[in-house]
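**Q** One structure, as structure tokens, below. Some questions next.
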Amino acid sequence: MIECRNLKKIYTNGDVETAALGGVSFRVEKGEFVSIIGPSGSGKSTLMHILGALDVPTSGQYFLDGKEVSQLNDDELSELRRERIGFVFQAFNLLPRTTVLRNVTLPLLYSKTSLKEREKKARQCLRYVGMEESKFYNMSNQLSGGQMQRVAIARSLINDPAIILADEPTGNLDTKTSQIVMKAFQELNHKGHTIILITHEPDIAKYAQRIISIRDGRIESDRRSS
Ligand SMILES: Nc1ncnc2c1ncn2[C@@H]1O[C@H](COP(=O)(O)OP(=O)(O)OP(=O)(O)O)[C@@H](O)[C@H]1O
Ligand SMILES: [Mg+2]
Numbered sequence: 020m021i022e023c024r025n026l027k028k029i030y031t032n033g034d035v036e037t038a039a040l041g042g043v044s045f046r047v048e049k050g051e052f053v054s055i056i057g058p059s060g061s062g063k064s065t066l067m068h069i070l071g072a073l074d075v076p077t078s079g080q081y082f083l084d085g086k087e088v089s090q091l092n093d094d095e096l097s098e099l100r101r102e103r104i105g106f107v108f109q110a111f112n113l114l115p116r117t118t119v120l121r122n123v124t125l126p127l128l129y130s131k132t133s134l135k136e137r138e139k140k141a142r143q144c145l146r147y148v149g150m151e152e153s154k155f156y157n158m159s160n161q162l163s164g165g166q167m168q169r170v171a172i173a174r175s176l177i178n179d180p181a182i183i184l185a186d187e188p189t190g191n192l193d194t195k196t197s198q199i200v201m202k203a204f205q206e207l208n209h210k211g212h213t214i215i216l217i218t219h220e221p222d223i224a225k226y227a228q229r230i231i232s233i234r235d236g237r238i239e240s241d242r243r244s245s
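Positions 20 to 245 (the numbering used here) are the ones given, in order, by the sequence shown.
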């Protein structure tokens with residue numbers, strides 16, 4: 020489903036070059052649940068942006084469903100992001116001063132789904148992640164960190180994506196809420212979603228079947244989770 024071949028990413032700001040990825044290769048099959056673990060600055064978010072077709076590598080190739088992503092045109096890219104991928108970003112990326120319900124329906128804005136149908140789906144996704152009904156009309160900036168995280172996960176589920184990419188989804192949560200969130204990912208995986216989850220916490224990484232460890236932009240190990 021996913022194949023990376025020798026991905027490199029160099030960021031250039033003025034004359035400063037940062038090598039964020041130094042040649043990363045791996046495959047992920049349909050239905051896998053993979054954690055990517057590594058210290059701050061090791062290139063995890065950079066990799067996720069490439070996997071999510073939000074950024075392109077400086078060199079190397081990335082194939083999604085057998086297609087090389089850098090060869091797709093803008094329409095094909097937006098379709099891919101809209102229909103195949105669900106994102107949970109490191110900094111939730113919720114719209115403030117916008118209700119919980121509306122935040123969750125946003126990815127469907129440009130789809131043909133009717134407003135009523137969108138809201139119905141949003142409610143299902145919010146219930147799925149254990150959000151209380153009483154919060155559905157709260158503004159997203161009036162929620163706790165854990166609640167925002169759950170809204171971000173609900174939003175990633177709204178298009179029933181084949182692949183869910185989550186960047187530090189438990190980064191701001193207490194242990195108990197982290198467990199709830201991770202159980203939700205495991206359940207989604209059991210339903211057939213392919214999940215790639217980024218974390219710097221070994222205890223969180225263990226929820227996946229496979230752990231890829233990266234350091235300084237390179238894969239250090241790739242193993243079954245015990
Ligand atoms: N837009 C950018 N311009 C320049 N350098 C960048 C940019 N984005 C990231 N970097 C650099 O690339 C390296 C990898 O960053 P990345 O965000 O992928 O790390 P990360 O593993 O996600 O870290 P964290 O755990 O802190 O989120 C870092 O050295 C970072 O400073
Ligand atoms: Mg990051």
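Just so it is clear, CB atoms sit at the ideal spot from N, CA and C, and this is done for glycine as well.
Considering only heavy atoms of ligand 2, does any lie closer than 7 Å to the CB of Gln168?
**A** Checking the Cβ of Gln168 against ligand 2 gives no.
**Q** For Glu151, count the other beta carbons within 10 Å of its own beta carbon; 16 or more makes it buried, fewer makes it exposed. Which is it?
**A** Exposed, by the Cβ-count rule.
**Q** Return yes when at least one heavy atom of ligand 2 lies under 7 Å from the C-beta of Gln143, else no.
**A** False, no ligand heavy atom lies under 7 Å from that Cβ.
**Q** So is the beta-carbon of Gln109 under 7 Å away from any non-hydrogen atom of ligand 1?
**A** Indeed, a heavy atom of ligand 1 lies less than 7 Å from the Cβ.
**Q** Ignoring anything shorter than 3 residues, give me the beta strand (DSSP E) runs that lie fully in the stretch 45–103, in order along the chain.
**A** Taking only runs of at least 3 residues, the beta strand (DSSP E) segments lying wholly in the stretch 45–103 are 52–56, 78–83.
**Q** Just list the residues that DSSP pairs Asn247 with in beta bridges.
**A** The structure shown does not extend to residue 247, since the chain is modelled only from 20 to 245, so the question has no answer here.
**Q** May I ask whether a heavy atom of ligand 1 can be found less than 7 Å away from the beta carbon of Thr189?
**A** No.
**Q** From which residue to which residue does the alpha helix (DSSP H) around Ser232 run?
**A** First-last for Ser232: 229–234, but that is the beta strand (DSSP E), not the alpha helix (DSSP H).
**Q** Assign Tyr226 to one of three DSSP states: helix, strand, or coil.
**A** Residue state, collapsed to three classes: coil.
**Q** Do the stretch 163–176 and the stretch 196–209 touch if we need at least three Cβ pairs shorter than 8 Å?
**A** Cβ pair count under 8 Å is three or more, so yes.
**Q** Which residue spans inside the stretch 149–193 form an unbroken beta strand (DSSP E) run of at least 3?
**A** The stretch 149–193 contains these whole beta strand (DSSP E) runs: 182–186.
**Q** Residues around ligand 1, please: the ones whose beta-carbon is closer than 5 Å to some heavy atom of it, in chain order.
**A** Here the list is Tyr30, Thr37, Ala39, Ser59, Gly60, Ser61, Gly62, Lys63, Ser64, Thr65.
**Q** Quick check on this structure: which residue in Ala110, Ile183, Arg237, Asp235 has the alpha carbon closest to the alpha carbon of Val53?
**A** With distances taken between Cα atoms, Val53 lies closest to Ile183.
**Q** Given 8 Å as the limit, is there contact between the stretch 30–46 and the stretch 213–227, that is, 3 or more CB pairs closer than that?
**A** With the cut-off at 8 Å, the stretch 30–46 and the stretch 213–227 do not touch.
**Q** My guess is that His212 and Gly57 are in contact by the Cβ rule of under 8 Å, so how many angstroms apart are they, rounded?
**A** Contact flag wrong, Cβ pair sits at about 23 Å.
**Q** Under the criterion of a Cβ to heavy atom distance below 7 Å, does Asp235 qualify as lining ligand 2?
**A** Asp235: no, Cβ never under 7 Å from ligand 2.
**Q** Mind checking whether the beta-carbon of Asp193 lies closer than 7 Å to any heavy atom of ligand 2?
**A** No - ligand 2 has no heavy atom lying nearer than 7 Å to the Cβ of Asp193.
**Q** Assess, as a yes-or-no matter, whether the stretch 135–155 is touched by the stretch 79–94 under the definition of 3 or more beta carbon pairs within less than 8 Å.
**A** Segments in contact, no.
**Q** Pull up the distance between the alpha-carbon of Ala72 and that of Lys154, whole angstroms please.
**A** Taking the straight line from one Cα to the other gives about 32 Å.
**Q** Return the chain-ordered list of same chain residues with a C-beta closer than 7 Å to the C-beta of Leu113, the five sequence neighbours on each side being excluded.
**A** Closer than 7 Å at Cβ, skipping near neighbours: Asn122, Ser159, Met167, Val170, Ala171.
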